[in-house]
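Trainee:
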Amino acid sequence: MKVFSLLLCILLVISCKEEDNKPLNSLERVAYAHGFEHWDKVDEIKFTFNVDRDTTHFERSWEWRPKKNEVTLIKDGKRLDFNRDRILSDAELAAEKNFVNDVYWLLAPYKLVWDEHKTFSEPIMDLAPISQDSLQKLTIVYDSLDVDTPGDAYDFYIDNNNMVKEWVYREENSTSMCMITTWESYKDYQGLKIATMHQNENGIFKLYFTGIKLSVLE
Numbered sequence: 001m002k003v004f005s006l007l008l009c010i011l012l013v014i015s016c017k018e019e020d021n022k023p024l025n026s027l028e029r030v031a032y033a034h035g036f037e038h039w040d041k042v043d044e045i046k047f048t049f050n051v052d053r054d055t056t057h058f059e060r061s062w063e064w065r066p067k068k069n070e071v072t073l074i075k076d077g078k079r080l081d082f083n084r085d086r087i088l089s090d091a092e093l094a095a096e097k098n099f100v101n102d103v104y105w106l107l108a109p110y111k112l113v114w115d116e117h118k119t120f121s122e123p124i125m126d127l128a129p130i131s132q133d134s135l136q137k138l139t140i141v142y143d144s145l146d147v148d149t150p151g152d153a154y155d156f157y158i159d160n161n162n163m164v165k166e167w168v169y170r171e172e173n174s175t176s177m178c179m180i181t182t183w184e185s186y187k188d189y190q191g192l193k194i195a196t197m198h199q200n201e202n203g204i205f206k207l208y209f210t211g212i213k214l215s216v217l218e
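Residue numbers (UniProt numbering): 1 to 218.
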């Protein structure tokens, strides 16, 4: 019995080491290039989601405590607190939908790892639609089981360092490009590398983040 237990322990150790040494796939390489390994230490993240379109401006701010799944929306001087694990009111459901959208823009490289119900293709070299630079194109397609963006596709254009430079959103995996923006003005927030600016080709549409603050666990 002792011999069996010893062999079992050895096998478990070997299995763990093999798991640790397992090479990263294409999605994981992008996530880790953007500092994904530091996310577990994040206790709270605050940010403001901004959109400028021509002469109009829109913004809303968020406080997110991911370990408790608690979210606070701050808009027009009003606060709305809710826990994503609980049954939500109509107002909270509307806020949740906006929160999911804004976090996707903020942390899309991490969503490549977090999200289920998707498939992806290995990167291929292609011309980025805005810069016309030759970059690797990584495509993910969500299936019908995904709650937030069922059937939609995203093309990530990444450089040799696995950093996202542009992306394309294609509704229901259509061949037409529904939205194309840059990923630029990267800043480092305690290890999290976040693109704070996204804009279309002519710069009329700008989506950007301000007021990003992190509280991390020691």
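Glycine included, every Cβ here is placed at the ideal spot set by N, Cα and C.
1. Look up residue 135 in the DSSP assignment and say whether it is helix, strand or coil.
2. For residue 93, count neighbouring C-beta atoms within 10 Å of its own C-beta (all shown protein chains included) and say buried if the count is 16 or more, exposed if not.
3. Please classify residue 162: is it buried, with 16 or more other beta-carbons within 10 angstroms of its beta-carbon, or exposed?
4. For residue 212, which of helix, strand or coil comes out of DSSP?
5. Rounded to a whole number of angstroms, what is the C-alpha to C-alpha distance between residue 173 and residue 151?
6. Between residue 11 and residue 156, what straight-line distance do the alpha-carbon atoms span, to the nearest angstrom?
7. What would DSSP say about residue 29, mapped onto helix, strand or coil?
8. Where in the segment 135-166 do unbroken runs of the beta strand (DSSP E), each at least 3 residues long, occur, reported from the N-terminal end onward?
9. On the CB-based measure, 16 or more other CB atoms within 10 Å of its CB, does residue 42 come out buried or exposed?
10. Near residue 28, which residues of its chain fall below 7 angstroms by C-beta distance, leaving aside the five closest residues on each side in sequence?
11. Please report how far the alpha carbon of residue 196 lies from the alpha carbon of residue 185, in whole angstroms.
12. Sorted by chain position, which residues of the same chain lie with C-beta nearer than 6 angstroms to residue 74's C-beta, five sequence neighbours on each side aside?
13. Taking just the CA atoms, how far does residue 124 sit from residue 77?
14. Specify, as a first and last residue, the run of the alpha helix (DSSP H) that residue 224 falls within.
Mentor: Put simply:
1. Here residue 135 sits in strand by DSSP.
2. Flag for residue 93 reads exposed.
3. Burial state of residue 162 is buried, judged by a 10 Å Cβ sphere holding 16 or more other Cβ atoms.
4. Note: residue 212 maps to strand in three-state DSSP.
5. Going by the C-alpha atoms only, they are around 6 angstroms apart.
6. Legend: pLDDT at residue 11 = 45, less than 50; position of this residue unreliable, value from coordinates given subsequently. For residue 11 and residue 156, the distance between alpha carbons rounds to 39 angstroms.
7. Here residue 29 sits in helix by DSSP.
8. If only uninterrupted beta strand (DSSP E) runs of at least 3 residues are considered, those enclosed by the segment 135-166 are 153-158.
9. Looking at its Cβ environment, which holds 16 or more other Cβ atoms inside 10 Å, residue 42 is buried.
10. Leaving aside the five residues that flank residue 28 on each side, the residues in its chain whose CB is nearer than 7 angstroms to its CB run, in chain order, 113.
11. Looking at the backbone, the Cα of residue 196 and that of residue 185 are separated by about 5 angstroms.
12. Once the five neighbours on either side are set aside, the close Cβ partners of residue 74 are 61.
13. Residue 77 and residue 124 have their C-alpha atoms some 46 angstroms from each other.
14. This structure does not reach residue 224, given that the chain is present from 1 up to 218, and the question cannot be answered.
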